[in-house]
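Scroll down for the structure; my scribbles are underneath it.
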Amino acid sequence: MTSAQRPTLPPPDDAWLVVIDPQVVFADPSSDWASPMFDGIVPVVDELVAHFGERTIVTRWLPGTDHQGSWQAYFTLWSFADRPDDDPLFDLVPAARAWVHGDTLDVTTFGKWGQAMVERTGEQHPQLVLVGVSTDCCVISTALAAADAGATVTVVEQGCAGSTPENHAAAMQVMGLYAPQIVVVGAEAEAA
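Numbering-wise (this note's numbering), the sequence shown opens with residue 14 and increments by one.
And the structure:
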């Protein structure tokens, strides 16, 4: 594929890189939620963070304490994760600490899109480049909600880690159905 045919990432002065939940709970092999793909995304995210610099937002999922509605059943099923927000399980992995510019964006929902993201970007309809974990939960939840709100979303496939390679592929296929609001790009994408 020639460079003229390769998909491009939006330029860093027009878009925000969102690194979703690079936390111990999703990386440590002893965790019930560990992604077998996590280590493979770190070099990709390193490169993207170098490209986007201060326009990088790192998020963290936290359990919170007010488990209402379906969250009650969720935490019954996944009781190992019902811990205080400051538990080391929810810390960033060491590699991710260098990706943070300012504070992490901490939320108690799978999707990271919301008023806090709007305030962080300063835009109602930003361009977002998504990477992180898990492709089949927090990444897809963020992408769909952001696109529905009018954001333009690019998902970097090799920068995302699924709960399994099969679930990762399935989530990518679903997000790919939402073009042009959500565009999935592979490792061949070039920075604009």
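The beta carbon of each residue, even a glycine, is placed where N, CA and C say it ideally should be.
- A Cβ-Cβ contact shorter than 9 Å links A94 with W46.
- When C-beta atoms of the region 59 to 66 are compared with those of the region 184 to 200, fewer than three pairs fall below 8 Å, so the two segments do not count as touching.
- Under a 10 Å Cβ-count criterion, Q36 is classified as buried, with 16 or more other Cβ atoms of the shown protein chains found around its own Cβ.
- According to DSSP, R73 shares a beta bridge with D119.
- In this structure, the alpha-carbon of T122 lies about 7 Å from that of W74.
- Secondary structure at G135: coil, using DSSP grouped into helix, strand and coil.
- A160 has its alpha-carbon roughly 16 Å from the corresponding atom of D149.
- Annotation: E60 is outside any beta strand (DSSP E); the continuous alpha helix (DSSP H) that includes it extends over 51 to 65.
- Under the DSSP definition of a beta bridge, V37 lacks any partner.
- Q81 carries a coil assignment under DSSP once its states are collapsed to helix, strand and coil.
- If you draw a straight line from the Cα of Q137 to the Cα of F51, it is about 31 Å long.
- A distance below 9 Å separates the beta carbons of P23 and Q140.
- The shortest C-alpha to C-alpha distance from L157 to any of F88, V71, G127, G175 is the one to G127.
- For G124, there is no enclosing beta strand (DSSP E), as DSSP marks it with neither H nor E.
- Contact between V31 and V142 holds, since their C-beta atoms are separated by about 7 Å, short of 8 Å.
- DSSP places G189 in the uninterrupted alpha helix (DSSP H) bounded by 178 to 189.
- Straight through space, the alpha carbons of N180 and P25 are spaced by roughly 29 Å.
- With contacts defined as CB atoms closer than 9 Å, T155 and V113 fail to qualify as a contacting pair.
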